[in-house]
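Trainee:
Residue numbers (our numbering): 28 to 257.
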């Protein structure tokens, strides 16, 4: 799996360095009184804390990405992530409550790119194509995402966790809108059925147990899209 640019640098590191994420909410108490607000010393301290938080977050994500690629993501523990990242468990838990939450953070950037293409990109993935062709294009793009980032998807979408992710909610709203646009009966009953083939566990089974190629899976899903919405 390659989640980086052409130089092998993970994409999320560039994003984190460009937009550092503060480590939790701003502190409360005496330190936020009028006597210190806006002072150069306080501003410098907050800046260093934000920089430290961004560096720790990047280390955590890099270590977790490596672990998810090397072993079954479902077996990775918070203790393993903390040790690999060289941070304390308290530092890790302040940012992520579970290994799945770490995987979600890693997968999020790749999913947001796909979401942007679905909303604003050219057809058939973006607006302007018939519903069946848009669903087929979505299947193709989603299979490509799974193929490139399957370890992350397996770590992020375990059991009921899959249905709680923001990405699943986005995919669900998109597919339901396509069903409605095609005047397909009972879209609420069909939408999760049509998303079922994109379950990471199923995809791993098809690819690595059943031995199906990515192209064969994509063709089958395109046929499904056209039969249901065509």
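Think of the CB as a built atom: it goes at the ideal place given N, C-alpha and C, for glycine as much as any other residue.
Remember, predicted model here, so these are calculated numbers, not experimental data.
(1) Along the chain, where does the alpha helix (DSSP H) that runs through residue 107 open and close?
(2) Tell me which residue opens and which closes the alpha helix (DSSP H) that residue 118 is part of.
(3) State the start and end residues of the unbroken alpha helix (DSSP H) segment that holds residue 246.
(4) Do the segment 128-147 and the segment 77-95 meet, that is, are 3 or more Cβ pairs less than 8 Å apart?
(5) To which residues of the same chain is residue 197 closer than 7 Å at the C-beta, ignoring the five residues directly before and after it?
(6) In terms of residue numbering, what span does the alpha helix (DSSP H) encompassing residue 186 cover?
(7) Beta carbon of residue 217, beta carbon of residue 225: below 8 Å?
(8) Does the Cβ-Cβ distance between residue 256 and residue 159 come in under 8 Å?
(9) Keeping to the same chain, check which residues put their C-beta closer than 8 Å to that of residue 202; ignore five residues upstream and five downstream.
(10) Please name the residue, chosen from 115, 212, 182 and 122, that lies closest to residue 98 on a Cα-to-Cα basis.
(11) Considering just the uninterrupted stretch of the alpha helix (DSSP H) at residue 194, what are its terminal residues?
(12) To the nearest angstrom, how far is it from the Cα of residue 112 to the Cα of residue 177?
Mentor: Working from what's here:
(1) As a first step, residue 107 is located in the chain shown; it is residue number 80 there, counting from the start. Run containing residue 107: 105-112, per the alpha helix (DSSP H) assignment.
(2) What you label residue 118 is simply residue 91 of the chain shown in a count that begins at 1. Going by DSSP, residue 118 is part of the alpha helix (DSSP H) stretching over 116-122.
(3) Here residue 246 corresponds to residue number 219 of the chain shown, with the count starting at 1. Segment 241-256, the alpha helix (DSSP H) holding residue 246.
(4) Cβ pair count under 8 Å is three or more, so yes.
(5) The residue given as residue 197 occupies position 170 in the chain shown. Contacts found: 142.
(6) One-based indexing of the chain shown puts residue 186 at position 159. Here residue 186 belongs to no alpha helix (DSSP H), and DSSP marks it neither H nor E.
(7) On the chain shown, residue 217 is found 190 positions in, with the first residue counted as 1. On the chain shown, residue 225 is found 198 positions in, with the first residue counted as 1. Inclusion of residue 217 and residue 225 in the CB contact set at 8 Å is not warranted, their separation being larger than that value.
(8) Stepping through the chain shown from its first residue, residue 256 is reached at position 229. Stepping through the chain shown from its first residue, residue 159 is reached at position 132. Taking 8 Å as the Cβ cut-off, residue 256 and residue 159 qualify as a contacting pair.
(9) The count along the chain shown starts at 1 and reaches residue 202 at position 175. 162, 165, 218, 221 and 222.
(10) Position 71 of the chain shown, counting from 1, holds the residue named residue 98. When each option's Cα is compared against that of residue 98, the closest is 182.
(11) Here residue 194 refers to the residue found at position 167 of the chain shown. Residue 194: member of the alpha helix (DSSP H) spanning 193-208, first to last residue.
(12) Within the chain shown, numbered from 1, the residue matching residue 112 stands at position 85. Within the chain shown, numbered from 1, the residue matching residue 177 stands at position 150. CA-to-CA, the gap between residue 112 and residue 177 works out to about 21 Å.
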